[in-house]
Amino acid sequence: MTAAVSSWSSTCSTKPGLHSPYHQTLRIHADEYKSHTLSKRQVESYISRLSRQRQRVLLLNAPREQYILNSNHNIPSLAHQEEILVKVLAIGLNPIDWKAPAFNFGIPSLPWINGRDLSGIVIQTPGNNSRLRVGDVVLVPSTDYRDIRKAAFQEYAVATHANAAKIPTNTSIHSAASVGVAFVAAAFALGISFGLDFSKTLSSVAKGPDLAKIISQVNSRNPQGIPADVRDECLPCTLESSRINQGDWVAIWGASTTSGYIALQLAKLCGLRVICVVDVARHGSKLLQAGADLLVDRFDTDRAIQIIRGVTKGNLRFGIDTVGRETATLLQEALSNNENRLPSPPPSASSAECPPSSFSVTSSSGSTHTQPQPLDNVQSRLLCLTGTPKERLSGISYHTVPIKLFHSSAAVGESLMTWLEKLLQHDVLVLPEVIHAFGGLEGINAALQTLREGSEFVSGKRIVVDLLESESRAGVQG
1 MTAAVSSWSS TCSTKPGLHS PYHQTLRIHA DEYKSHTLSK RQVESYISRL SRQRQRVLLL
61 NAPREQYILN SNHNIPSLAH QEEILVKVLA IGLNPIDWKA PAFNFGIPSL PWINGRDLSG
121 IVIQTPGNNS RLRVGDVVLV PSTDYRDIRK AAFQEYAVAT HANAAKIPTN TSIHSAASVG
181 VAFVAAAFAL GISFGLDFSK TLSSVAKGPD LAKIISQVNS RNPQGIPADV RDECLPCTLE
241 SSRINQGDWV AIWGASTTSG YIALQLAKLC GLRVICVVDV ARHGSKLLQA GADLLVDRFD
301 TDRAIQIIRG VTKGNLRFGI DTVGRETATL LQEALSNNEN RLPSPPPSAS SAECPPSSFS
361 VTSSSGSTHT QPQPLDNVQS RLLCLTGTPK ERLSGISYHT VPIKLFHSSA AVGESLMTWL
421 EKLLQHDVLV LPEVIHAFGG LEGINAALQT LREGSEFVSG KRIVVDLLES ESRAGVQG
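If you're matching positions, the sequence shown starts at 1 in full-length UniProt numbering and goes up one per residue.
Structure follows, in structure tokens:
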């Protein structure tokens, strides 16, 4: 099926240390672009190439350098029975993909392969135990950034069956590549940090997991099943007194971002009232269609805080910031009863992001179980996706998304992926608008520069790099 598209061209800067100059056309996918049918011959071709044991990848050789194409890299191997091998067909770009090399973080070693979002076709499974089969078209949020085999910037990537979602025929491969990590982040923010129960949706076809219940079960069976460094973030959601409920207000500063846009939709599915702080002129219409209860323009921040306080009568207890430290600092001012709070001391270097929220109990048998502890002195909660305020206020608990739980707990990861499959199949979740970047792996540097420059053209959209079309243009047979 041919996509109806609009076009735009741009030439990037040539500053030292940035990605290389380029000139390319980006295309916006129309809603009717749905087809992702792959022939049996294509699937067989991808499988046959495994015998070569070599693939093309984008390597980062040093910080503050562009990615370099390597055409003779090993195809990753499966390490255990839970893993699958995916032929990558589309890659969704995230800000972390340019920020990591630019600011030298999130890079375990060098040379390294990055990339967090991909979609493709399953070409190898360990046997009949997997819920996925060879030939399934899947999306994969690659949250395990320390495992180079799972990175997206390569032709073949490893995933676990618990961390992959089947793409229904009503969703394009390219649209699916745009949503994985953002969906996990939004679901964890609401379902873990705020304790929202996704099994209590307003739509029967959209019912999802109660992450708090799953976490409680995992912790009871094996306390080590929840990594120690995210335990304090995860366990409080298992207490009913700590959970957000239908009818509560939540404010999302940066609701036009992909994570914010998905968080809005998931919140509305569960009956929350949502305030969106955005560029209203540019993004307001889309957010109203997604169910926003109140739009607040981001350009007058003092007025934005006043509006939020006024509409919620000073009772806003939940806030999500998707932008950065400055806006997170603003959002904390809008949370309930802020006027009577005094600054709290900054956390020590050894302390966690959140106040201690769990304690260990040793049973008569000698086994140790971690129990959740309620945050009795906390009125409000602020979830910060990209940066926490330097000065923290008493009466607010500060949260970050425990993203590693997605790949460290198969029960949690699979519950989210099967729910995402359902949401896509029934058209319950509206995916972000996709900008189609050409050039395959070679085109990623250019597309990342477009993302880095923050053009109005890409605001509120996702850039997706097409590998399938680049193979066709290069004469690769499928």
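We put the beta carbon where it would ideally sit given N, CA and C, even for glycine.
Please report the straight-line C-alpha distance between residue i and residue j, rounded to a whole angstrom.
i, j, result
"Arg-273", "Gln-332", "18 Å"
"Gln-66", "Pro-101", "8 Å"
"Ser-71", "Ala-90", "18 Å"
"Phe-406", "Tyr-156", "21 Å"
"Pro-141", "Leu-239", "28 Å"
"His-161", "Glu-414", "8 Å"
"Pro-76", "Arg-149", "5 Å"
"Leu-118", "Ser-380", "35 Å"
"Ala-411", "Trp-253", "30 Å"
"Val-134", "Gln-124", "6 Å"
"Thr-312", "Ile-403", "30 Å"
"Ile-244", "Ile-47", "47 Å"
"Asn-114", "Gly-291", "34 Å"
"Thr-400", "Asp-300", "26 Å"
"Glu-453", "Val-464", "16 Å"
"Asp-147", "Ala-437", "26 Å"
"Leu-211", "Thr-171", "26 Å"
"Gln-217", "Pro-223", "9 Å"
"Pro-195", "Gly-247", "The sequence given here places Gly at residue 195; Pro does not occur at that position. Distance between the alpha carbons of Gly-195 and Gly-247: 14 Å."
"Val-57", "Arg-116", "14 Å"
"Ser-394", "Glu-233", "18 Å"
"Ser-193", "Ala-187", "9 Å"
"Tyr-398", "Asp-321", "11 Å"
"Pro-236", "Ile-215", "10 Å"
"Thr-386", "Leu-288", "25 Å"
"Val-205", "Gln-425", "10 Å"
"Ile-107", "Asn-94", "15 Å"
"Arg-52", "Asp-97", "28 Å"
"Ser-45", "Lys-200", "44 Å"
Between residue i and residue j, how many whole angstroms is the CB-CB distance? I'm expecting something under 8 Å.
i, j, result
"Val-434", "Ser-175", "5 Å"
"Val-86", "Val-122", "6 Å"
"Ile-84", "Val-137", "The Cβ separation is near 12 Å, so there is no contact."
"Ser-325", "Gly-92", "Looking at the sequence provided, one finds Arg at residue 325 rather than Ser. Incorrect: roughly 25 Å between the Cβ atoms, too far for contact."
"Gly-319", "Val-250", "7 Å"
"Lys-166", "Glu-421", "5 Å"
"Ile-262", "Ala-182", "5 Å"
"Leu-441", "Phe-153", "7 Å"
"Ser-259", "Ala-334", "With a Cβ gap of about 19 Å, Ser-259 and Ala-334 do not count as contacting."
"Val-278", "Ala-304", "Their Cβ separation, rounded to whole angstroms, is 10 Å, which puts Val-278 and Ala-304 out of contact at 8 Å."
"Ile-308", "Val-296", "6 Å"
Assign residue i to buried or exposed, taking buried as 16 or more other Cβ atoms, counted over all protein chains shown, within 10 Å of its Cβ.
i, result
"Ile-68", "exposed"
"Asn-377", "Per-residue confidence for Asn-377 stands at a pLDDT of 46, beneath the threshold of 50, marking its modelled position as unreliable; the derived number appears in the next sentence. Looking at its Cβ environment, which holds fewer than 16 other Cβ atoms inside 10 Å, Asn-377 is exposed."
"Val-230", "buried"
"Asn-445", "buried"
"Ala-281", "exposed"
"Glu-456", "exposed"
"His-283", "buried"
"His-73", "buried"
"Thr-169", "exposed"
"Arg-298", "buried"
"Leu-202", "exposed"
"Gly-127", "exposed"
"Arg-41", "exposed"
Which of the three DSSP states, helix, strand or coil, is assigned to residue i?
i, result
"Ala-281", "helix"
"Gly-120", "strand"
"Ser-459", "coil"
"Pro-236", "helix"
"Gly-454", "coil"
"Ser-171", "According to the sequence provided, residue 171 is Thr. The question's Ser does not apply to it. Thr-171 falls in the coil class under three-state DSSP."
"Ile-275", "strand"
"Ile-75", "coil"
"Ser-130", "coil"
"Pro-141", "strand"
"Ile-84", "strand"
"Ile-226", "coil"
"Gly-254", "coil"
"Gly-180", "helix"
"Val-296", "strand"
"Ser-365", "Low per-residue confidence applies at Ser-365: pLDDT is 39, beneath 50, and the placement is therefore not dependable enough to give any value."
Per the DSSP calculation, residue i is bridged to which residue(s)?
i, result
"Gln-154", "Val-57"
"Glu-433", "Lys-461"
"Glu-44", "The partner list for Glu-44 (beta bridge, DSSP) is empty, contrary to what the question assumes."
"Lys-166", "Val-138"
"residue 501", "Because the chain in this structure spans residues 1 to 478, residue 501 falls outside the shown range and cannot be described."
"Asn-70", "Val-57"
"Thr-160", "Glu-83"
"Trp-98", "Looking at the DSSP assignment, Trp-98 forms no beta bridge with any residue, so it has no partner."
For the ligand MN, is there any heavy atom lying closer than 7 Å to the beta carbon of residue i?
i, result
"Gln-81", "Inclusion of the ligand MN in the displayed structure is not the case, the ligand content being empty and no account of it being possible."
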